[in-house]
Every structure is written in C-alpha cells, then in structure tokens.
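Mapping the sequence shown onto our numbering, position 273 (from 1) lands on 259, and the numbers just tick up by one.
Don't be surprised by glycine CBs; every beta carbon is placed ideally from N, CA and C.
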Amino acid sequence: MSITELADLLLQMGEPKFRAEQLFKWLQSGVNSFDEMTNIPKNLREKLSDISYLASVRIVKRFESQYDETVKYVYELIDGEYIESVLMKYEHGYTVCVSTQVGCRMGCTFCASGIYGLTRNLTASEILSQIVQAQKDNNIRISNVVMMGMGEPLDNFENVSKFLQLVSDKNGLNIGLRHISLSTSGVVTGIYKLSQLNLPITLSVSLHAPNDKLRSETMPVNRKWNINALLKACRDYQKVTTRRISFEYALIDGVNDSPECAQELSRILSGIMCHINLIPVNPVKENSFKTSTTKTIMRFKGLLEAKGMTVTVRRTLGADISASCGQLRKKAKEERLYANLQ
Ligand code: SAH
Ligand code: SF4
C-alpha cells in the first residue's frame, strides 16, 4: 500500500492518519511481523494483524558465486510458491534482478521460466520484498533494479506499475526510476500503456532475432505482435518518453549469430536511439541451445559498431550458480514434487 492508501485504511479504523508514514517505513524495512513495529501502539499492531498480513518473501536458499559477488536467492511466497532473485555487484553499486510473476506464459524456447507456464502474478509487495530481503540479508543499500527475473512484467501491468510507485517513494527504498529497467519480450499493448505513464525508467526489449521467421521460432509472442509492430511501439514510446531503448540480443550458436543477422539487425534498428546488449545465451538443460563462441560474438559486435550502433556484451555473472531466469525455481519445485512422492 502507498502512504495515501494506508492513511485511508487508518481513517476507516478510527486511527490517526500520521501513522501512515510510520507504517510505510516499517513495511519497506523488511520486518517479519507487526510486533517489530515498535513506534506503533500495541493495540493498533493487534488490530492490523487481525485484518491484514505482511506479504514478504522468505529466503529458502542462498547461493554465492565463487567467482564474483553474485548471490542468487530462492524465495518462498506465502502460498508456498517459489521465485528467484539475483543480487549483483557492479562498480556503481548493487543491482537486484527481480521476478514479476511465478512462471511465465510467453513460452520462449531458450528460457527456463516458462517451462511450467504461468502460475500467478506477483503482487507489488512481493516484487518489492525481493529487494528489501536481499538488502537486509547483506546489510547493504541496493541502488539499481532490473526486472529481468522470472515473468513478463508487462503481462502483470497493474502490480508492476504499483511496484514502481512504491519502490521510488522517498519514504521507502527511494530507488530512483532512472535506476530501474523493465525488460519485455514484446507485449506491444503493454509498451503503449507504459508510454502513457511516461516514466524515466529504461525500457529493455528482448529482441533476440532480426526477422520474423527466426523470432517466431524462439519467441511465440512474435506471432501475436511481429517485429514491425514491436518496433513501431518502440518508436512511439521513444517519442513520448525521449528515453534511449535497450535491445537485448541473446546470441545462440548457429541460430542468430551470423554476419547476415548482424546486418539485418542494424538495418531494422536504424533511426531508433538505442543500445544493443549482446548476451551469450545461457544453456538450459531442457534445450539444446549453445552459446556462440567469443570470436563470433566479437565479430557480431564489430559489425554492429561499424554501422554506428552502441553495443555492449553482457558480463556473465554467477554462471556457476544457475543465475539465469527460472533455473533454480524449477529445481526447487522438482525437489519438492519428488519429496512429496516419497
Ligand atoms: N520476460 C521479460 C523479462 C524477464 S527475462 C523478457 O523476456 O524480457 C530477462 C531476459 O533474460 C530476457 O532478455 C530474456 O530473453 C533473457 N533470457 C531468458 N533465458 C535466457 C537464457 N537461457 N540465456 C540468456 N538470456 C536469457
Ligand atoms: Fe517469459 Fe521472458 Fe522467459 Fe520469455 S524470456 S519465457 S518472456 S521470462
């Protein structure tokens, strides 16, 4: 709840409205019960716990990378579902990669998150709580957020926009919207809705292929909204927000990493103020995709740069701890299914 919503609730309960700000601060500090809210009178704490619950996520597994400071969390939700988040350290501070749904219904063939389809949307507080708990667990301040965990954020629009409002509130985590990226597989209607909010967040678009034939093979969303429709939405988004768009391109060996693909990619993106982020695909057990060789990746990058595009290759952090989309939740779910069978 926002401070205004908390104030309304308190008024309905016959309580003073100034408590809203106190409550809001507690909610964003990661307390596990109302009893920890020491400046709230005991009778109000009891009344609150009668009518409401704290939707925080609980750490069930924590994996630390041996190579870098990446930490991967498996969190349990109040209904027993699992989600994942990753904490990463960069020169400019700590970034958390959050999930926005339990599972995903978009079905991209290279991704582990969609294997069981969509179970449910995360609430705004469950998205927020992933940051709060990682911050508390490491005693640090998180300054950046990427919505690149499990789920399609624009398929959970209301809760994601509520989350953006909560996380950037100066009485709470106070993470500026300029420090937040939202990644989408290309839900065109969602891009238009987002542009109406005109937020200074970074929009990341998972393109992964330069033409409809290739893209539809790995990303079923492309059959609903093809590249033309997607790039038109991006151009319109850019007109409204004047923000640079980031295009994600996961390089898969022998699938989308040829020089022709690079030429085609630079052609379709020309005229869009953008940044291309090349991602060496992270192999997932359930498919046979292989990562492109470093030589191929550098050739691809060089071809794009020769066309004047801004390109980076994503560092692969936490490769030893399955720190990519959906892999651990799937494992946790399978282990539990297995335990239940015994
Ligand atoms: N659903 C949103 C955000 C979550 S996925 C989206 O698809 O954009 C975050 C990013 O991880 C996306 O760019 C996605 O394409 C990428 N991704 C998924 N599985 C991957 C894998 N096995 N290797 C590399 N990137 C992957
Ligand atoms: Fe969903 Fe994104 Fe994974 Fe595609 S890549 S299945 S949209 S989480």
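Straight-line gap, residue i to residue j (C-alpha atoms, nearest Å)
i	j	result
K218	R229	15 angstroms
I177	L140	8 angstroms
F286	N197	16 angstroms
S129	H165	7 angstroms
V43	T109	11 angstroms
G172	T298	21 angstroms
L323	A248	A caution first: L323 carries a pLDDT of 47, below 50, which makes its placement in the model too unreliable to give a value.
P27	L(-8)	16 angstroms
S99	V270	10 angstroms
N125	Y76	16 angstroms
Where residue i falls, given that 16 or more other Cβ within 10 Å makes a residue buried
i	result
E335	Any answer about residue 335 is impossible in this case: the structure gives the chain only from -13 up to 328.
T50	Here the sequence assigns Glu to residue 50, which means Thr is not the residue at that position. Label assigned to E50: exposed.
T296	exposed
R201	buried
A325	Bear in mind that the predicted position of A325 carries a pLDDT of just 48, short of 50, making it too unreliable to give a figure here.
Q(-2)	exposed
K266	Per the sequence shown, the amino acid found at residue 266 is Pro instead of Lys. Classification for P266: buried.
R5	buried
Q328	Legend: pLDDT at Q328 = 35, less than 50; position of this residue unreliable, no value from coordinates given.
Q14	buried
A292	exposed
I117	buried
V57	buried
G294	exposed
Delimiting residues of the beta strand (DSSP E) encompassing residue i
i	result
N130	I128 to M133
P266	C260 to P266
K28	It is not in any beta strand (DSSP E) - K28 instead sits in the alpha helix (DSSP H) that spans K28 to I37.
L370	Given a span of -13 to 328 for the chain in the structure shown, any question on residue 370 remains unanswerable.
F275	Note, F275: premise wrong, no beta strand (DSSP E); not H, not E.
Near the ligand MG: residue i beta-carbon under 6 angstroms from a heavy atom
i	result
N130	The ligand MG is absent from the structure shown, which contains only the ligand SAH and the ligand SF4.
The alpha helix (DSSP H) enclosing residue i, as first and last residue numbers
i	result
I283	T280 to A292
S192	S192 -> not in any alpha helix (DSSP H); beta strand (DSSP E) instead, spanning T188 to S192.
T227	I213 to T227
Residue nearest to residue i in terms of C-alpha spacing, selected from the options
i	options	result
L63	Q87, Q52 and E55	Q87
V226	S181, S192, V17 and A215	S181
K281	P245, Y53 and V72	P245
G341	R221, V153 and L73	Residue 341 is absent from the model: the chain starts at -13 and stops at 328.
L163	N157, Q151, V174 and S169	Q151
L193	T175, I213 and I187	I213
L168	F10, V60, I231 and K199	I231
When a residue counts only if its C-beta is closer than 5 angstroms to some heavy atom of the ligand SF4, which residues count, in chain order?
C90, M92, C94, C97, S99, G100, E138 and S171
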